[in-house]
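The structure under discussion appears below in the form of structure tokens.
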Amino acid sequence: VYDTSDGTLIQPLKGHKDTVYCVAYAKDGKRFASGSADKSVIIWTSKLEGILKYTHNDSIQCVSYNPLTHQLASCSSGDFGLWSPEQKSVSKHKTSCKITCCSWTNDGQYLALGMFNGIVSIRNKNGDEKVKIERPGGSTSPIWSICWNPSRSMPCVSPSLSDIYWGFGFAASLQLNREPRNKLHERNDILAVADWGQKLSFYHLSGKQIGKDRVLNFDPCCLSYFTKGEYLLLGGSDRQVSLFTRDGVRLGTVGEQSSWVWTCKVKPDSNYVVIGCQDGTISFYQLIFSTVHGLYKDRYAYRDNMTDVIVQHLITEQKVRIKGRELVKKIAIYKNRLAIQMPEKILIYELYSDDSADMYYRVKEKIIKKFECNLLVVCSDHIILCQEKRLQCLSFSGVKEREWLMESLIRYIKVIGGPPGREGLLVGLKNGQILKIFVDSALAIVLLKQSTAVRCLDMSASRSKLAVVDENDTCLVYDIHTKELLFQEPNANSVAWNTQCEDMLCFSGGGYLNIKASNFPVHQQKLQGFVVGYNGSKIFCLHVFSMSAVEVPQSAPMYQYLERKMFKEAYQIACLGVTDADWRELAMEALEGLEFETAKKAFTRVRDLRYLELISSIEERKRRGERAEELFLAEVCAYQGRFQEAAKLFRSSGRDALALEMYSDLRLFERAK
653 VYDTSDGTLI QPLKGHKDTV YCVAYAKDGK RFASGSADKS VIIWTSKLEG ILKYTHNDSI
713 QCVSYNPLTH QLASCSSGDF GLWSPEQKSV SKHKTSCKIT CCSWTNDGQY LALGMFNGIV
773 SIRNKNGDEK VKIERPGGST SPIWSICWNP SRSMPCVSPS LSDIYWGFGF AASLQLNREP
833 RNKLHERNDI LAVADWGQKL SFYHLSGKQI GKDRVLNFDP CCLSYFTKGE YLLLGGSDRQ
893 VSLFTRDGVR LGTVGEQSSW VWTCKVKPDS NYVVIGCQDG TISFYQLIFS TVHGLYKDRY
953 AYRDNMTDVI VQHLITEQKV RIKGRELVKK IAIYKNRLAI QMPEKILIYE LYSDDSADMY
1013 YRVKEKIIKK FECNLLVVCS DHIILCQEKR LQCLSFSGVK EREWLMESLI RYIKVIGGPP
1073 GREGLLVGLK NGQILKIFVD SALAIVLLKQ STAVRCLDMS ASRSKLAVVD ENDTCLVYDI
1133 HTKELLFQEP NANSVAWNTQ CEDMLCFSGG GYLNIKASNF PVHQQKLQGF VVGYNGSKIF
1193 CLHVFSMSAV EVPQSAPMYQ YLERKMFKEA YQIACLGVTD ADWRELAMEA LEGLEFETAK
1253 KAFTRVRDLR YLELISSIEE RKRRGERAEE LFLAEVCAYQ GRFQEAAKLF RSSGRDALAL
1313 EMYSDLRLFE RAK
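In terms of this note's numbering, the sequence shown opens at residue 653 and continues consecutively.
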């Protein structure tokens, strides 16, 4: 027994007299069992104490615990036994052939036995055979590993039917009519079978095969599902462990070994994998499933189940799945284009129409060629491949049109728009250099160079300012024309300019979302994740594997502008999204500041006809040449009920009669005197 944290041997357990062929833990981890060539099974506690031993007539080939009842199945060359904690005896059942592997269903109601003669026998928990599956090849294709998918929500549809619904980007809902669970043909249990005919196959509990056999080109010795059933591992004579989807699509290699792999297991509820080999080595791996995604304005595309791509409209929350049969390596999205890189090709999709809400994608081009790249970008008529220091521009037919070689490693690249076929790109390098290139030009324009490596970049709406996040988690904002550093803010991991407002940006970091308007102080609110986009009042944030649109009130930056009497700028911010109370405050402040155009727009928003009539009256008098600002302000104060201030302003503008008239109308005769 080993400690997986550092590989140290905790304790060797003595009890068997010959080679130990198999071990299995109970689901709760309180007990485990071992089976040996000495024909015995020993049950051990988590404290490494042997508490029970029983024997078969032949060597033990495999053992497996029922996930619910903790009933133990032990299989030998001629029979299998069922032991449960409630019963002292072991019930044994004869078989016609050597059993090589076994696996319980999720609910513990059925046990599958894989045999040396190519037969899979499915038994109930009493040992009675319910289903018999005969693999092609018979005894020349021994079943060497079987495993039930641990997911309980696997849809009972064939892969081909799934393609019909998803292949062209249509989203469809499959209605499953659930019958009582005791009907084998209605259950969702799916069994993966690996045999030495070098095939991987899948079966329903009813015995019906799902899809076609998957050719492996090696003898499989072990098979193990991840806890949620989305992936499975296979290892064997090819001296490596490979990762597959639940449908049997090979994704890649987990670890190469120097001898046959006889066992591989996934740690429950984790991405840790342990591998055991013929030469006695045990390897422990942690698999990291990176996020593969792309974003353009309100469309977010991301990889799902390693082979599919889901495009999400962040405003309407619509999603569409593009189903694939190969590993998705890179995704890029731009306007109506979507590029998906697979191991041996790149698929270019386009939207069916120009409708901003359209979610129907169709294949436009296929580039059947293998590419190695760190980053992938798509434009209207080109794809850009980034590999270390090199950028390559390819047409959709796969022809290389242009190439740029940078001074340092490319850390970030972003399309910043432009005419079709002439788009511009921002490129950030590890040496701190920031460049702008155009897909139709061989020249790379250096915008500026800073002393620290670039992590993230974005350009303001008018392309006059540049925001950079560097390797020290600092957000730096530059004037592109003068190269001047305008300001910098700490604790940033990503940054985005507002696409609708020139002077507003947001950056995330340290568990906070930071919104900065112009050169005002930062406004903060708690938010986990990375900011990837900022459009109006919506901030697009990526947290772990999910993208969400966060509605952020723009009140704080609006009031920052109001404090400095910057009414037009405050109005622009308010248009992004503020409350009615904020609109009224803006209207009043603008009116008092005699910024009548802004005040009129703001009062229109809150439908205040009384003040709109006042503004209309003042504007009419201004058109006639009247320029008495104090008199205008006096009328504003009178409308607001600030009568003493209004009277003072009437008098200071030489219009005592108006002050007297006002107090007389209000019946305030003492003040009128």
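Cβ atoms here follow ideal geometry from the backbone N, Cα and C, with glycine treated the same way.
Determine the burial state of Gln1177: buried for a count of at least 16 other Cβ atoms within 10 Å of its Cβ, exposed for fewer.
-> Taking the first residue of the sequence shown as 1, we reach residue 1177 at position 525. Under this definition Gln1177 is an exposed residue.
Whole-angstrom distance between Thr1126 and Arg1115, CA atom to CA atom = In the sequence shown, residue 1115 corresponds to position 463, counting from 1. In the sequence shown, residue 1126 corresponds to position 474, counting from 1. Distance between the alpha carbons of Arg1115 and Thr1126 is about 21 Å.
Could you name the residues of the same chain whose beta carbon sits closer than 6 Å to that of Ser1060, not counting the 5 residues immediately before and after it, in chain order?
-> Counting from 1 along the sequence shown, the entry for residue 1060 is found at position 408. The residues are Leu1081, Lys1082 and Asn1083.
Verify whether the separation of the beta carbon atoms of Cys1031 and Tyr986 is less than 7 Å.
-> As a first step, residue 1031 is located in the sequence shown; it is residue number 379 there, counting from the start. As a first step, residue 986 is located in the sequence shown; it is residue number 334 there, counting from the start. Contact flag set, yes.
Of all the options Val1147, His1195, Lys1117 and Ser1160, which has the alpha carbon lying nearest to the alpha carbon of Thr1134?
-> Along the sequence shown, one-based indexing puts residue 1134 at 482. Nearest option by C-alpha distance: Lys1117.
Can you name the residues that DSSP bridges to Gln1039?
-> Against the sequence shown, residue 1039 aligns to sequence position 387. Answer is Arg1042.
Nonlocal neighbours in the same chain, by C-beta distance under 8 Å from Tyr654, ignoring five residues either side = Here residue 654 corresponds to residue number 2 of the sequence shown, with the count starting at 1. Here the set comprises Thr660, Leu661, Ile662 and Ile934.
Quick one: residues in its chain with C-beta nearer than 8 Å to the C-beta of Phe822, no 5 flanking neighbours on either side, listed in chain order?
-> Indexing the sequence shown from 1 puts residue 822 at position 170. With a pLDDT of 28 at Phe822, under the threshold of 50, the modelled position of that residue is not reliable, and the figure given next carries that caveat. Closer than 8 Å at Cβ, skipping near neighbours: Val972 and Tyr1012.
Boundaries of the alpha helix (DSSP H) in which Ile962 is found, first to last residue | Residue numbering aside, residue 962 sits at position 310 when the sequence shown is read from its first letter. That residue, Ile962, is in no alpha helix (DSSP H); its beta strand (DSSP E) goes Asp960 to His965.
Use the C-beta contact count for Pro1209: other C-beta atoms within 10 angstroms, 16 or more gives buried, fewer gives exposed.
-> As a position in the sequence shown, residue 1209 is number 557, starting the count at 1. Burial call: buried.
Can you list, in chain order, the residues of its chain whose CB lies under 7 Å from that of Gln1039, leaving out five sequence neighbours each side?
-> The residue given as residue 1039 occupies position 387 in the sequence shown. Taken in chain order, the residues that qualify are Glu1024, Cys1025 and Asn1026.
Does the region 919-928 come within contact of the region 947-966, defined as at least 3 CB pairs closer than 8 Å?
-> no
Evaluate Arg787 with the Cβ neighbour count: other Cβ atoms within 10 Å of its Cβ, from every protein chain shown; 16 or more gives buried, anything less gives exposed.
-> Numbered from its first residue, the sequence shown carries residue 787 at position 135. Counting Cβ neighbours within 10 Å, Arg787 comes out buried, since at least 16 surround it.
If Gly681 sits next to Cys714, beta carbons under 8 Å apart, how far is it from one beta carbon to the other, in whole angstroms?
-> The sequence position of residue 681 within the sequence shown is 29, counting from 1. The sequence position of residue 714 within the sequence shown is 62, counting from 1. The Cβ separation is near 19 Å, so there is no contact.
Which of the three DSSP states, helix, strand or coil, is assigned to Cys1227?
-> The count along the sequence shown starts at 1 and reaches residue 1227 at position 575. Reduced to three states, the DSSP call for Cys1227 is coil.
Give the straight-line distance between the Cα atoms of Leu979 and Met1156, rounded to the nearest whole angstrom.
-> To locate residue 979, count along the sequence shown from 1; it is residue 327. To locate residue 1156, count along the sequence shown from 1; it is residue 504. One C-alpha to the other measures close to 39 Å.
Nearest CA to the CA of Asp847: which residue from Leu665, Tyr1004 and Gly888?
-> Within the sequence shown, the letter at position 195 stands for residue 847. Selected option, being the one with the closest Cα: Gly888.
Residues of its chain near Glu1154, where Cβ-Cβ distance is below 6 Å and the 5 sequence neighbours each way are ignored | The count along the sequence shown starts at 1 and reaches residue 1154 at position 502. Here the set comprises Ser1112, Ala1113 and Ser1114.
Should the region 1189-1199 be called in touch with the region 1211-1219, which here means at least 3 C-beta pairs below 8 Å?
-> no
Span of the beta strand (DSSP E) holding Met1258?
-> In the sequence shown, residue 1258 corresponds to position 606, counting from 1. The sequence given here places Val at residue 1258; Met does not occur at that position. Run containing Val1258: none in the beta strand (DSSP E); it sits in the alpha helix (DSSP H), Phe1248 to Val1258.
Report the residue from Met1240, Val901 and Gly1076 whose alpha carbon sits nearest the alpha carbon of Cys1289.
-> Taking the first residue of the sequence shown as 1, we reach residue 1289 at position 637. Cys1289 has its Cα closest to that of Met1240, out of Met1240, Val901 and Gly1076.
By Cβ distance below 7 Å, which residues in the same chain neighbour Ser876 in space, the five residues on each side in sequence not counted?
-> The count along the sequence shown starts at 1 and reaches residue 876 at position 224. Cys799, Leu884, Leu885, Cys916, Lys917 and Val918, listed in sequence order.
Under a Cβ-count criterion, where at least 16 other Cβ atoms within 10 Å of its own Cβ denotes burial, should Thr905 be classed as buried or exposed?
-> Mapped onto the sequence shown, residue 905 falls at position 253. Under this definition Thr905 is an exposed residue.
Paired residues, beta bridge with Ile983 - DSSP = For the purposes of this step, residue 983 is taken as the residue at position 331 of the sequence shown. DSSP lists Ile992 as partners of Ile983.
When you compare each of Asn778, Val913 and Ala1226 to Thr1250 by their alpha carbons, which one comes out closest?
-> To locate residue 1250, count along the sequence shown from 1; it is residue 598. Measuring from the Cα of Thr1250, the nearest candidate turns out to be Ala1226.
Where does Val653 fall in DSSP's three states?
-> For the purposes of this step, residue 653 is taken as the residue at position 1 of the sequence shown. Of the three classes helix, strand and coil, the one that applies to Val653 here is coil, per DSSP.
Is Pro872 buried or exposed, if buried means 16 or more other CB atoms sit within 10 Å of its CB?
-> Sequence index remark: in the sequence shown, residue 872 carries index 220 (1-based). When all chains shown are included, Pro872 counts as buried.
Give me the Cβ distance between Asp731 and His708, rounded to the nearest whole Å; I'm assuming they're in contact under 8 Å.
-> Counted from its first residue, the sequence shown places residue 731 at position 79. Counted from its first residue, the sequence shown places residue 708 at position 56. Right, the Cβ-Cβ distance comes to about 6 Å (below 8 Å), so this counts as a contact.
Start-to-end residues for the alpha helix (DSSP H) that takes in Glu1272 = The sequence position of residue 1272 within the sequence shown is 620, counting from 1. Unbroken alpha helix (DSSP H) run through Glu1272: Leu1261 to Arg1275.
With distances taken Cα to Cα, identify the nearest neighbour of Val901 among Trp912, Leu868, Lys1021 and His856.
-> Locating residue 901 in the sequence shown gives position 249, where the first residue counts as 1. Comparing Cα-Cα distances from Val901 to each of Trp912, Leu868, Lys1021 and His856, the minimum goes to Leu868.
Where DSSP assigns a beta bridge to Val1098, which residues make up the other side?
-> Looking up residue 1098 in the sequence shown gives position 446. Leu1087, per the DSSP bridge assignment.
For the beta strand (DSSP E) that Gln892 lies in, which residues bound it at each end?
-> Within the sequence shown, residue 892 is the residue found at index 240, counting from 1. It spans Gln892 to Thr897 - the beta strand (DSSP E) in which Gln892 sits, taken as one unbroken run.
3 or more residues per run - each beta strand (DSSP E) lying fully within the region 680-704 = 683-688 and 692-697
Would you mind working out which of Leu1285, Gly667 and Val675 sits nearest Glu701, comparing C-alpha positions?
-> Locating residue 701 in the sequence shown gives position 49, counting from the first residue. Selected option, being the one with the closest Cα: Gly667.
Going along the chain, which unbroken runs of the alpha helix (DSSP H) with 4 or more residues stay wholly within the region 925-979?
-> none
Under three-state DSSP, which class holds Ser1008?
-> Counting from one through the sequence shown, the residue named residue 1008 turns up at place 356. Coil.
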